[in-house]
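Asker: The structure's right below; bear with me while I get my questions together.
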Amino acid sequence: MPNFQPYLQSPLVNFNLPALTVPADASQKVRANELPLLGYIVLRGDLSDAAVAQAISQATGLAVPAASRFSSGEAGVLIWQSPDECLLITARAAVPALLAACGKHFDGLFAQAVDNSGGLTTVYLSGVEHVTLLRHLGVYDFESIEAGDAASTVLGKAGGLVCRVDGDGVFLVIRRSFADYLWLLITKAAIPYRFAVAKLPSAGKSPFLRLVDAGSPSKRPVAA
Amino acid sequence: MFQIHCPHCGATREEEEFSYAGEAYIPRPANPEEATEAEWGDYLFMRKNTRGWFWEQWQHTAGCRKVFAVKRNTVSYEIAGTWTLAAGKELYLKESEA
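Protein chains in written order, with the numbering used here: chain F, 72 to 295; chain A, 95 to 192.
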């Protein structure tokens, strides 16, 4: 196939977010933007099994999180999803090495690491009224989500993970197939709150924001 | 609308996050090769349709995606408790013996 030129593109590419992005300011009561093209790895295995928990910690360098919580570190963010499943969010470039490390440490265990980078994306929602906006989207008690919590719940008619790092905002981990729907829902529900597609804050120590490649384009070629 | 406690997440959440998964603890015929058509018919189609306390399965579809057992009153919608399938089965068997 001489003309096959694979490429990556963000699930929200059609909204052309980089062109709409404006600097953040206090008048915007709800701000959102996408963290495009991160790496997502699903880790399966009984987390109550000490051998599996140890293998996950050794492969990723992250502690296995408690129920409905997440842990973070050098490799990225490890989110609890169920008693036998975690989601590892990492930089896209780090995915092959982490998959190889998991393969090595999971050898002989009933555990599995699956690359799901094409299936998910993350949206950062912030601003003083971001919790009010979440209340428009779902039935969960969103004000009860504290730093370090990862709530898996319903947003509109789609499922989503809501993770809070600090009081400024939340990270929504959503499926590619529902990304358009949820983005439209967010932008529509946020109209009364002076919504803006704002520039992401500087990464600092934020475990999510520092995973975004500097100048990450919404579309990029893949080495075959 | 009611709230259900998920024994896997250890959290009480809205019904909207869950999906109903039918009557709980229906045993599959022990010897499938020798089971009669009537036994297969019972296993596949016959349900209790209880008025009152009823053991049923719910799945936490928007959360941990696990199926678990719920004892619910079909008249008042009151929930007596929720258990993992293994933990609930002991209680269910004890109750059905009594």
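The beta-carbon is built from N, C-alpha and C at its ideal position, and this holds for glycine as well.
Treat the numbers as computed from the prediction; the structure is a model and nothing was measured.
(1) Listed in chain order, which residues of the stretch 137 to 153 of chain F have Cβ atoms closer than 7 Å to some Cβ of chain A?
(2) How is the alpha helix (DSSP H) around phenylalanine 249 of chain F delimited, first residue to last?
(3) For alanine 156 of chain A, return the contacting residues in chain F, with the cut-off set at a CB-CB distance below 7 Å.
(4) What in chain A is Cβ-close to valine 210 of chain F, meaning under 7 Å?
(5) Contact between the stretch 138 to 146 of chain F and the stretch 113 to 128 of chain A: three or more CB pairs below 8 Å?
(6) Flag alanine 105 of chain A as yes if its beta-carbon sits less than 8 Å from any beta-carbon of chain F, otherwise no.
(7) Compute every distance between the C-beta of phenylalanine 141 of chain F and the non-hydrogen atoms of the ligand GTP, then say whether any falls below 7 Å.
(8) Where do the ends of the beta strand (DSSP E) carrying glutamate 133 of chain A lie?
(9) So, does the CB of lysine 183 of chain A fall closer than 8 Å to a CB anywhere in chain F?
(10) Let me see if you follow: with CB-CB separation under 8 Å, is histidine 99 of chain A close to chain F or not?
(11) Out of F/Arg291, F/Ala97, F/Leu79, F/Arg115, state which residue places its alpha-carbon closest to the alpha-carbon of cysteine 158 of chain A.
(12) Mind checking which residues open and close the beta strand (DSSP E) that includes glycine 116 of chain A?
(13) Among F/Ser119, F/Pro278, F/Gln129, which residue has its Cα nearest to the Cα of aspartate 237 of chain F?
(14) Evaluate alanine 250 of chain F with the Cβ neighbour count: other Cβ atoms within 10 Å of its Cβ, from every protein chain shown; 16 or more gives buried, anything less gives exposed.
(15) Nearest to threonine 161 of chain F by CA position, among F/Leu91, F/Ser142, F/Lys175, is which residue?
(16) Give every residue of the same chain whose Cβ lies closer than 8 Å to the Cβ of alanine 165 of chain F, excluding the five residues on either side of it in the sequence, and list them in chain order.
(17) Is DSSP giving asparagine 143 of chain A helix, strand or coil here?
(18) Going by the DSSP bridge assignment, what does cysteine 234 of chain F pair with across the sheet?
(19) If you run the structure through DSSP and keep just helix, strand and coil, what is threonine 203 of chain F?
(20) Determine, using beta carbons only, whether arginine 122 of chain A comes closer than 8 Å to chain F.
(21) So, does the stretch 79 to 89 of chain F touch the stretch 167 to 177 of chain F, judging by three or more C-beta pairs under 8 Å?
(22) Buried or exposed: where does threonine 106 of chain A fall if 16 or more other Cβ atoms within 10 Å of its Cβ makes it buried?
(23) Is the beta carbon of leucine 79 of chain F less than 8 Å from the beta carbon of lysine 290 of chain F?
(24) For methionine 95 of chain A, which residues in the same chain have their Cβ closer than 6 Å to its Cβ, ignoring the five residues on either side in sequence?
(25) Would you mind sorting proline 101 of chain A into buried or exposed? The rule is 16 or more other CB atoms within 10 Å of its CB.
(26) Under 8 Å between the Cβ atoms of valine 225 of chain F and glutamate 111 of chain A?
(27) For phenylalanine 86 of chain F, does the three-state DSSP call read helix, strand or coil?
(28) By Cβ distance below 8 Å, which residues in the same chain neighbour asparagine 167 of chain A in space, the five residues on each side in sequence not counted?
(29) So, at 6 Å on beta carbons, what are the nonlocal neighbours of leucine 88 of chain F in its own chain, with the 5 sequence-adjacent residues on each side left out?
(30) Under 8 Å, with one C-beta from each stretch per pair, do the stretch 125 to 140 of chain A and the stretch 196 to 207 of chain F reach the 3-pair mark?
(31) Does the Cβ of tyrosine 211 of chain F have 16 or more other Cβ atoms within 10 Å, making it buried, or fewer, making it exposed?
Answerer: Quick look at the numbers:
(1) Flagged, chain order: Ala138, Ser139, Gln152, Ser153.
(2) In the DSSP assignment, phenylalanine 249 of chain F falls within the alpha helix (DSSP H) that extends over 247 to 260.
(3) Those are Ser223, Thr224, Val225, Gly230, listed as they occur along chain F.
(4) Those within 7 Å of valine 210 of chain F in chain A are Glu108, Glu110.
(5) Touching, no, given that fewer than three Cβ pairs across the two stretches are closer than 8 Å.
(6) Interface residue, yes.
(7) Among the ligands in the structure shown, none appear at all, so the ligand GTP cannot be discussed.
(8) Note, glutamate 133 of chain A: premise wrong, no beta strand (DSSP E); alpha helix (DSSP H) at 131 to 139.
(9) With 8 Å as the cut-off, lysine 183 of chain A does not count as an interface residue toward chain F.
(10) No, because no Cβ of chain F sits closer than 8 Å to the Cβ of histidine 99 of chain A.
(11) Proximity to cysteine 158 of chain A across F/Arg291, F/Ala97, F/Leu79, F/Arg115 peaks at F/Arg115, based on C-alpha coordinates.
(12) Here the beta strand (DSSP E) through glycine 116 of chain A covers 113 to 117.
(13) For the residues F/Ser119, F/Pro278, F/Gln129, the minimum Cα distance to aspartate 237 of chain F belongs to F/Pro278.
(14) Flag for alanine 250 of chain F reads buried.
(15) Of the listed residues, the one whose Cα sits closest to threonine 161 of chain F is F/Ser142.
(16) Closer than 8 Å at Cβ, skipping near neighbours: Gly110, Ala146, Gly147.
(17) If DSSP states are grouped into helix, strand and coil, asparagine 143 of chain A belongs with coil.
(18) Note: cysteine 234 of chain F sits in a beta bridge opposite F/Ala221, F/Phe242.
(19) Of the three classes helix, strand and coil, the one that applies to threonine 203 of chain F here is helix, per DSSP.
(20) The C-beta of arginine 122 of chain A comes no closer than 8 Å to any C-beta of chain F.
(21) Two segments are said to touch when three or more pairs of C-beta atoms, one from each, lie closer than 8 Å; by this definition the stretch 79 to 89 of chain F does not touch the stretch 167 to 177 of chain F.
(22) Burial state of threonine 106 of chain A is exposed, judged by a 10 Å Cβ sphere holding fewer than 16 other Cβ atoms.
(23) Yes, Cβ-Cβ distance for leucine 79 of chain F and lysine 290 of chain F is below 8 Å.
(24) Same-chain partners within the cutoff: Glu109.
(25) Its Cβ being crowded by 16 or more others within 10 Å, proline 101 of chain A is buried.
(26) In this structure, glutamate 111 of chain A lies closer than 8 Å to valine 225 of chain F by Cβ.
(27) It is helical.
(28) These residues qualify, in order along the chain: Gly146, Trp147, Phe148, Ile173, Ala174.
(29) If we look at leucine 88 of chain F and ignore the five residues flanking it on each side, its Cβ neighbours are Glu105, Val268.
(30) Look at the beta carbons and you see the stretch 125 to 140 of chain A not touching the stretch 196 to 207 of chain F: under three pairs across the two are nearer than 8 Å.
(31) So tyrosine 211 of chain F counts as buried.
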